[in-house]
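According to our numbering, the sequence shown is numbered sequentially starting from 706.
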Amino acid sequence: MLSISNALNASQAKTYHQMDYASATQSYYNKGGEVKGEWHGKMAASLGLSKEVSPLEFSRLVDGQHPENGEQMVRHRLAQQYKNQDGTVTKAVEHRAGWDAQFAPSKSVSLTALVGGDERIREAHREAVKVALSELESYTHARLGGNKPAEATGRFIAATFEHDTARPVDGYAAPQLHTHAVIFNVTEREDGSTRALQERPFFESQNYVGAVYQAELFYRLKNLGYEIERGKSGAPEIKGYSAEYLEASSQRSQKIREHMEQAGVSGPEAAQIAAHATREGKQNLTPQEVLEAHRKMAVEFGNEPQRVVEAARERARQQEQRPETASQAKEAVTFARESIFEREAVADKRAILTTALRRGMGEATFREVRDEFQSQRETGRFRSVESQKYDSERRFTTPETIAAERANVQYVLDGRNSVKPIMGAEQARKQANTKDFLNQSQRQAIEEVLNSSDRIHGLQGLAGTGKTTTLEIIRKGAERKDYKVEGFAPTAKAAGQLREAGVDATTLQSFLSRKVKATVREPEPKHLYMLDESSLASTRQMQAFLQKLKPEDRVLVIGDTRQHQAVDAGRPFQQMQEAGMQTSQLDKIMRQRDTELLKAVQHLANNETVKGIELLAEQGRVTEVKSAQDRIQAIAKDYAARPENTIIISPDNKSRQQINESVRAELLKTGTLAEDGKQLRTLLHRSDMTGADRTWAARYNPGEVLQYTTGSKTEGIDRNSFATVRSVDARSNMLTVEKQDGTTVSYDPKRLRGVNVFTEIEREFATGDRIQFTAGEKQLRVSNRDLATIVKLEDGKMTVELDGKAKRQVTFDTEKFRQFDHGYAVTSHSSQGLTAGRVLANIDTDSSRSLINSRLAYVAISRASEDARIYTNNAETLGQRLATDISKTAAVDFRPSTEQTREVVNAFRSNDPAKATELLQKQERVYEYANPDHRVAAVALDYTARPDRAVVVVPDSAERKELTQLIRAELQAQGKISAESHSVSVLVEQKYSNPKLAASYSPGDQIHYRTGSPSIEGIAHDSTATVLSSNDKKNLLTIETRDGEQVSYNPIHLRQQTKQSTVYRQGELDLAVGERITFNRPDRENRIRSGDFATLEKIGDNNTLTVRMDNGREVTLEAEKAKHIDYGHTVEKAKRLSADRIVLTGDSAQLAEQQAALTKLNPKIRDLAIYTSDSSNTLQKDHNIANESLLTKEGISNAPNLGKLSEPSSPAVEIEGYGIGM
């Protein structure tokens, strides 16, 4: 294993070097004498450090000085003391000298090497340490000061010291092979300058580098002839030792564990503190005394080390040549890919390799696993994730994940403005007012859902905002319009809450498992599907759900992005909102009846966690109890004093079980529990196993209980039956299980699917006990996480009363149905969806970030309607610790559609195009193509990939026409608009270079005068006239006014009227249903403004058009009104566009001309990109970002090209989505 200490100060490091690292008392098996350290690291080599570590060199590096000449390389801080206001003496932080990274094999390896006397093992350990330490070095970063991010250098100096004994316990120093690697606080940058280290990457890499060490050691030991098995922590253990001998040789570990149990603490930091607290003073034992003690203990246990060594040497002589390992490395990396990406969309390279190394332990080396990962990366099975959040070299996803996330968002975008509303606006308003007690938030949500023209609509509802009542009224409205309303949810409990709204509901998984009917005699009804608690749905589940929708189906996606997320990969509900899903809001919280508690919950709901916790503390709702045992006892007493309608929330299963035991003890004292307790063996689900894990025999343990949800005819295993694991053969990947009838069967777990794994535990249950079901049972009609109270226990049967208004009782056989546990304390995840009068929350700030975060704070406290109290070990740091945001990762970042784009739009509106362009470049939303044909093709494909509420701004009229044709052809090819086009008569706006010349006009042209003429009768304000003729010599125009009068005038004389007029000419437009159109003239009667966009829904007789405006209104235009339209895919200027997504394209000069129009950009734009080309520039292979603004006359230089170019003759241009690189 690998452990890394907290930073050592200079005094500590110097003392440790003298008393520990180089001390002869730490290396008895080296026949005494001082331990000679060795140098390691690229920076050590560059400084010429290659000999043994001298005390002077060590001391200088500890002080941040050059080891040879003593020059200061990093700033050194001397320890100082000062007095506080209260008179106490405080010692300032001293210079951080470095960190102690300690590599140690398991006890069995140490015994074999030291007591067994196999020097080959020590050499295997040294080689494994070298490989692992080199990998740790690659994660070296330099501190740059201020708010600058750390800089990767990959260079450090380390001094290694090999020891062979543990610290003595009661006079016995146990054999323990280990190496200290002291990493000094200095690194070297590319320019040769030196900086202090940023230690965070080391701690983030600790598990990974530990796995590298274990894999290298495992492989080497196996080649030496040893039989190896995986220990509890995955470390290689040499077979052949009794548990008693190993325990007797681990007195130091026992003492640390005892100290931690007595202190009521846990975790690596607590273990480090305990190790220091239990250190015994140095004992001057001679090497002879130590070795004699080791031999004596070995004799007591039958000289096991010598026998193990002899057997290994014999095995090594008989071993065949090294087996092929390429296939093992491939299997290990493939396993890691399947396992990790089941739970997360994006993973650190270290996490992937750690899982692969543990899967291939002993079968492949680190280098082989690393090379296989690189090979799979090159073939596309891993894709690097590039965004501001992730380091592109160390974060990866899969093509399947990218495709699934994009597919979910595409369903949303394709469904925008694609269906008729369930009911009209007036009817929706009436439906929203059927209940007088509804608040405005509820009424608005009901109206928006029922009047939405989107196939998929969102409902973001905070905890306690009256969601059930809102859904009930939506259901009734939909049913009135002949919709069949069905509901689904990722959990059975959430599905039950939908049923409270009168919705026929089941679990999402049940719906996904439905078989499609072979024949349908009657037409399928229109469906409104309600997907509740959708934050708990994974990306894969959401994709599978959306794929099952039929053309007439509508979906209401309901959830709360602030509450807990799915166990499996993805955050589809949040992504769909970020990508533009129209989402109604339920944001008026009504659950908390205590006004002060309500204020705190509102802050927690708004992600203002620190403020929310501060308010709870001010209200006296935060209690600090340092000791974990004392804190649990305090919670138990609080609960026992007032158990009615009270629930305890604790973040992890271990503390939950401890609290349950303490509560029961208190309730037994008060007589609340009957004294008829019975010991029952229940099943606790193992939630740490992924689908890939369940195919790997080594992940199972003898005694575990398996449930086969699908069964296997081949193995004779019935569906939904149980079996107990009797043995595990990791080498051949075989499990042997005992079925319920007593027979055994052995099988490869790769061949079976649908296996749940449980640990069997013994619990006492009594009448009056609270229980929580940990699995559903159809016949009993109980759901996973349901709470109940035991009312009777007799004859192996338990009768419970379920929580809820119905007070329903059920009886079951405790031998047949064993998935239940005590229900006084539940985890935060289990509590989601519950409401209780009083909540007691146990929050240990030293717990993992994955447990203690803002989601826990919000979910836990918002369960309470009357009172909520937090018990913690540290009230001072509680708010900051809970403010940590832990969210599921996503492969595709759709957020530029909202947050980042707002910055860009604001910059444009502030007339700062340079800043706007710089921001777009950082977001990788600027694309340069040297060839204009390539650029036009790329823009067409970008637009057609997401055409909904999008528009391309094209200043050049000829290019605009070409691009429109390309876009329409692609949309028709994709089936996004009708393949059949209809020719419609329209009026096309004319752009004259000199409108004051009569020769510019043609008979039939229509002139719209926005300003009337006081001198010429007939040319009125906001009037239209038709050109009859023009006299070029006299520069006279003859027009017919709307009243039928003929008027002649010289355009030069009517300068203002001519300037304020628009000229239209008769033209034809080929339109297809589904087409985007824009209006080039206002229509007050239909409430249409110039520049508005709409989607064409129907082309009727006599050229009447039915369109759906972007605000959702449906409008029918008579032929005359329909003349003032144009294609809405492209426009000339960016001024006041109502689109959600804008693409700017053109050369540098053309884009510069848009500067004025861009100051009028709609502030609600969700996405913006620029495509440009400049014949004076050529594409650079490195695609460096330009320093100049795109929107200046100087143009663009070396902007990033994110497309794959083709020849002009080929339209195949692939555009990568932002956020993802190859």
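We treat Cβ as the ideally placed atom computed from N, Cα and C, and that holds for glycine. Since the structure is predicted, the reported quantities are computational estimates derived from the model, not experimental observations.
Boundaries of the alpha helix (DSSP H) in which residue i is found, first to last residue
{"i": "M1281", "result": "1277-1283"}
{"i": "F1525", "result": "First-last for F1525: 1525-1527, but that is the beta strand (DSSP E), not the alpha helix (DSSP H)."}
{"i": "D1076", "result": "1071-1083"}
Cut-off 6 Å between Cβ atoms - residues of its own chain near residue i, not counting five sequence neighbours on either side
{"i": "S1683", "result": "A1777, V1778, G1779"}
{"i": "D1209", "result": "E1191"}
Cβ neighbour criterion (16 or more within 10 Å) applied to residue i
{"i": "S898", "result": "exposed"}
{"i": "M724", "result": "exposed"}
{"i": "D1798", "result": "Strictly speaking, residue 1798 in this sequence is Phe, with Asp absent from that position. Answer is buried; the Cβ neighbour count reaches 16."}
{"i": "G1166", "result": "buried"}
{"i": "E974", "result": "Per-residue confidence for E974 stands at a pLDDT of 48, beneath the threshold of 50, marking its modelled position as unreliable; no derived number is given."}
{"i": "T1649", "result": "buried"}
{"i": "L841", "result": "buried"}
{"i": "G1264", "result": "buried"}
{"i": "G1528", "result": "buried"}
{"i": "D1446", "result": "exposed"}
Pairwise C-alpha distance: residue j and residue i
{"i": "D1806", "j": "A1824", "result": "9 Å"}
{"i": "V1544", "j": "H999", "result": "55 Å"}
{"i": "R1794", "j": "E1482", "result": "59 Å"}
{"i": "T1877", "j": "A1643", "result": "10 Å"}
{"i": "P1637", "j": "S1615", "result": "30 Å"}
{"i": "M1286", "j": "V1117", "result": "6 Å"}
{"i": "K1035", "j": "F1087", "result": "13 Å"}
{"i": "R1326", "j": "I1575", "result": "6 Å"}
{"i": "R1513", "j": "R1475", "result": "15 Å"}
Segment limits, beta strand (DSSP E) that includes residue i
{"i": "T1449", "result": "1449-1452"}
{"i": "F1517", "result": "1514-1518"}
{"i": "G1182", "result": "Looking at the DSSP string, G1182 is not in any beta strand (DSSP E); the run it does join, the alpha helix (DSSP H), is 1172-1185."}
{"i": "K1502", "result": "1502-1507"}
{"i": "K1135", "result": "Run containing K1135: none in the beta strand (DSSP E); it sits in the alpha helix (DSSP H), 1130-1137."}
{"i": "P880", "result": "880-889"}
{"i": "E1194", "result": "A small correction: the amino acid at residue 1194 is Ala; Glu does not occupy that position in the sequence shown. Here the beta strand (DSSP E) through A1194 covers 1188-1194."}
Which of helix, strand or coil DSSP assigns to residue i
{"i": "Y721", "result": "helix"}
{"i": "R801", "result": "strand"}
{"i": "F1006", "result": "coil"}
{"i": "N1807", "result": "helix"}
{"i": "L1702", "result": "coil"}
{"i": "N1311", "result": "coil"}
{"i": "G915", "result": "helix"}
{"i": "Y1405", "result": "coil"}
{"i": "H771", "result": "coil"}
{"i": "E856", "result": "strand"}
{"i": "L1485", "result": "coil"}
{"i": "P941", "result": "strand"}
{"i": "Q1859", "result": "coil"}
{"i": "I1045", "result": "helix"}
{"i": "I1672", "result": "helix"}
{"i": "T1763", "result": "helix"}
{"i": "T817", "result": "helix"}
{"i": "V1306", "result": "helix"}
Own chain residues within Cβ distance below 8 Å of residue i, not counting five before or after
{"i": "E757", "result": "K741, G742, E743"}
{"i": "K1220", "result": "none"}
{"i": "E1043", "result": "T1395, G1396, A1397"}
Sequence-distant residues of its chain with Cβ nearer than 7 Å to residue i (five each side left out)
{"i": "T1059", "result": "N912, Y913, A916"}
{"i": "G1201", "result": "S1488"}
{"i": "T1763", "result": "P1700, K1701, P1756"}
{"i": "Q1363", "result": "I1337"}
Neighbour flag for residue i against chain B, beta carbons, 7 Å
{"i": "E1301", "result": "Going by chain labels, chain B is absent from the structure shown, which holds only one protein chain."}
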